[in-house]
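K.L.:
Converting from the sequence shown to my numbering requires adding 483 to each position, the first position being numbered 1.
I am attaching a structure below and will ask some questions about it afterwards.
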Amino acid sequence: DSEAIDRFQLGYAPDGWDHLAAYLRNRRVPDGLAEKLGLIAPRRSGSGYYDRFRNRIIFPIINISRQVIGFGGRVMDDSLPKYLNSPETPLYSKGRSLYGIDQAKQEIRANELVYIVEGYLDLLSMVRHGMHNSVATLGTALTNAHVRMLRSLVGTRGKVVLVFDSDTAGVRAAERSIEVFAREYMDAYILVLEEGHDPDSFLLEYGTERFRKVAKGAMSTISFLIESAVKRHGLTPEGKIRIVTDIQKVLADIEDPVSRSLHVKSLCERIEIDENAVMEKIDGVKRNAEERSNISRRETSAGIRPGSDGNGGPETSIDVRGLSKQARMESKIVAMLLQFPAMVEEVRDRRLVDLFENPTIRMICRAILDNRTGPANTPEALLAGIESDDLRAFTASLAIGDDAWDLSL
Numbered sequence: 484d485s486e487a488i489d490r491f492q493l494g495y496a497p498d499g500w501d502h503l504a505a506y507l508r509n510r511r512v513p514d515g516l517a518e519k520l521g522l523i524a525p526r527r528s529g530s531g532y533y534d535r536f537r538n539r540i541i542f543p544i545i546n547i548s549r550q551v552i553g554f555g556g557r558v559m560d561d562s563l564p565k566y567l568n569s570p571e572t573p574l575y576s577k578g579r580s581l582y583g584i585d586q587a588k589q590e591i592r593a594n595e596l597v598y599i600v601e602g603y604l605d606l607l608s609m610v611r612h613g614m615h616n617s618v619a620t621l622g623t624a625l626t627n628a629h630v631r632m633l634r635s636l637v638g639t640r641g642k643v644v645l646v647f648d649s650d651t652a653g654v655r656a657a658e659r660s661i662e663v664f665a666r667e668y669m670d671a672y673i674l675v676l677e678e679g680h681d682p683d684s685f686l687l688e689y690g691t692e693r694f695r696k697v698a699k700g701a702m703s704t705i706s707f708l709i710e711s712a713v714k715r716h717g718l719t720p721e722g723k724i725r726i727v728t729d730i731q732k733v734l735a736d737i738e739d740p741v742s743r744s745l746h747v748k749s750l751c752e753r754i755e756i757d758e759n760a761v762m763e764k765i766d767g768v769k770r771n772a773e774e775r776s777n778i779s780r781r782e783t784s785a786g787i788r789p790g791s792d793g794n795g796g797p798e799t800s801i802d803v804r805g806l807s808k809q810a811r812m813e814s815k816i817v818a819m820l821l822q823f824p825a826m827v828e829e830v831r832d833r834r835l836v837d838l839f840e841n842p843t844i845r846m847i848c849r850a851i852l853d854n855r856t857g858p859a860n861t862p863e864a865l866l867a868g869i870e871s872d873d874l875r876a877f878t879a880s881l882a883i884g885d886d887a888w889d890l891s892l
């Protein structure tokens, strides 16, 4: 409606190749600067530039200081990609930006509560229904920087509620966000809406009061993980084993022993197994993590950085042959993802990255799995999720390898 258009300064980029490029040139804005800010892109053939955003509704991305730092665009038809954001620029980083934060910050502080949704239109719908303490992610998974920003607003007693779609992708997004909050020692609650609904459709059908009531019943992150695992595996003896396997790392990462003990007790009561057995599994996970940390420290003291070539060289010179058998297999999995992007969902669903031992390769794999840019899973779209030029160069070298896909390392 017109109020949302005015409030969020929505606009429109007309169809055509160079309307904005010509306008900026007439205003004596250097082409190189406009390109660096992601407004225009060089033509692939010949000279000149074309507009990045064409025939799209435009959503200005505004930072917490109320400065425009980038743009998002949504098509009016079935064209792909449906959404297009500004690329990473000196001003805009999607891992440090939240849509609507400029409008929401005062309400978040006042209510000590923030709702996090996944898209522009969901955010607009939340605000239109009176929930002004809402923000949206920008085509990327939640990051530590996002959590730190929100923690500074909600305060130590505040509450974060992540609102996700009911589809499989929404549930996976919720599961991935849990580790980020755990790393920042911040509690979060997860609300997965009724099947077939996203925040926009739920609010249109049921209204604000029903949403607030449902949101009050949002599950804590650990409770959500437990229920998701129970739904996925069932409560057969084999299912219970898989449930514990899925959750043991998250429980092991909880630093506070009292909190860890309470969550273990909750898990054991839910699936009716012995607490001592689960604690043994968690202790084993912690010991393995400590051993890997000790190995990493010894390598660092010897001048070897995780992911380097062993001679203190840059990350781009990783010598795969010098890695352990496990790490070489991990690098092959990354290469497989890039060469066969259809495997991304399979690797994500099986949570293989949680088993990676090499920290650099694990970081690369997480960036690939978390990246949602581009019209489809292509090597270019997957690589776009890796921000470091050095790591991106190394990862690209895997994408053009000619590995034989077997277990002979």
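C-beta: ideal position from N, C-alpha, C; glycine also.
Asp561 CB to nearest chain C CB: under 8 Å?
P.N.:
Going by chain labels, chain C is absent from the structure shown, which holds only one protein chain.
K.L.:
Sort Arg511, Val597 and Asp489 by Cα distance to Leu636 and report the nearest one.
P.N.:
Among Arg511, Val597 and Asp489, the Cα nearest to that of Leu636 belongs to Val597.
K.L.:
Cutting at 8 Å between CB atoms, please list the residues of its own chain near Arg579, excluding the five before and the five after it.
P.N.:
Around Arg579: Thr626, Ala628, His629 and Met632.
K.L.:
Can the beta-carbon of Ile673 be found closer than 8 Å to that of Lys723?
P.N.:
No, the Cβ-Cβ distance between Ile673 and Lys723 is not below 8 Å.
K.L.:
Ordered along the chain, which non-local residues of its own chain (more than five positions away) have a Cβ less than 7 Å from that of Pro513?
P.N.:
Contacts found: none.
K.L.:
Rounding to the nearest angstrom, what Cα-Cα distance links Ile545 and Gly521 in this structure?
P.N.:
The straight-line gap from Cα to Cα measures roughly 15 Å.
K.L.:
Return yes when the Cβ of Ala665 is within less than 8 Å of the Cβ of Ala624, no when it is not.
P.N.:
Going by C-beta atoms, Ala624 is not nearer than 8 Å to Ala665.
K.L.:
Grouping DSSP H, G and I as helix and E and B as strand, with all else coil, what is Arg508?
P.N.:
Reduced to three states, the DSSP call for Arg508 is helix.
K.L.:
Taking Ile584 and Val618 to be in contact with their CB atoms under 8 Å, please state how far apart those CB atoms are, rounded to whole angstroms.
P.N.:
Yes, Ile584 and Val618 are in contact; Cβ-Cβ is about 5 Å, under 8 Å.
K.L.:
Pairs of beta-carbons, one from the segment 727-744 and one from the segment 685-698, closer than 8 Å: are there three or more?
P.N.:
Cβ pair count under 8 Å is below three, so no.
K.L.:
Relative to the C-alpha of Tyr495, which candidate in Asp501, Arg539 and Arg535 has its C-alpha closest?
P.N.:
Comparing Cα positions, the closest option is Arg539.
K.L.:
Starting from Ile552, trace the beta strand (DSSP E) in both directions and tell me its first and last residue.
P.N.:
Where Ile552 is concerned, the enclosing beta strand (DSSP E) stretches over Val551 to Val558.
K.L.:
According to the Cβ coordinates, are Tyr533 and Asp560 closer than 8 Å?
P.N.:
Not in contact: Tyr533 and Asp560 (Cβ atoms no closer than 8 Å).
K.L.:
Report yes if the CB atom of Ala577 is closer than 8 Å to the CB atom of Leu621, and no otherwise.
P.N.:
Note that residue 577 corresponds to Lys in the displayed sequence, not to Ala. Against a cut-off of 8 Å, the Cβ pair of Leu621 and Lys577 comes out as a contact.
K.L.:
What does the alpha-carbon distance come out to for the pair Arg535 and Asp498?
P.N.:
Looking at the two C-alpha atoms, the distance is approximately 11 Å.
K.L.:
Going residue by residue through the segment 557-582, where are the continuous beta strand (DSSP E) segments of at least 3 residues, counting only ones entirely within it?
P.N.:
For the segment 557-582, whole beta strand (DSSP E) runs of length 3 or above, ordered along the chain, are 566-568.
K.L.:
Tell me the residue span of the beta strand (DSSP E) that contains Arg849.
P.N.:
Per DSSP, Arg849 belongs to no beta strand (DSSP E); it is in the alpha helix (DSSP H), Pro842 to Asp853.
K.L.:
Tell me whether Pro740 is buried or exposed, calling it buried when 16 or more other Cβ atoms sit within 10 Å of its Cβ.
P.N.:
With fewer than 16 other Cβ atoms within 10 Å, it is exposed.
K.L.:
Name the residue from Leu838, Ser530, Thr878 and Gln822 whose alpha carbon lies nearest to the alpha carbon of Ile847.
P.N.:
Cα-wise, what sits closest to Ile847 is Thr878.
K.L.:
Rounded to a whole number of angstroms, what is the C-alpha to C-alpha distance between Glu692 and Arg527?
P.N.:
Looking at the two C-alpha atoms, the distance is approximately 52 Å.
K.L.:
For Leu645, does the three-state DSSP call read helix, strand or coil?
P.N.:
If DSSP states are grouped into helix, strand and coil, Leu645 belongs with the strands.
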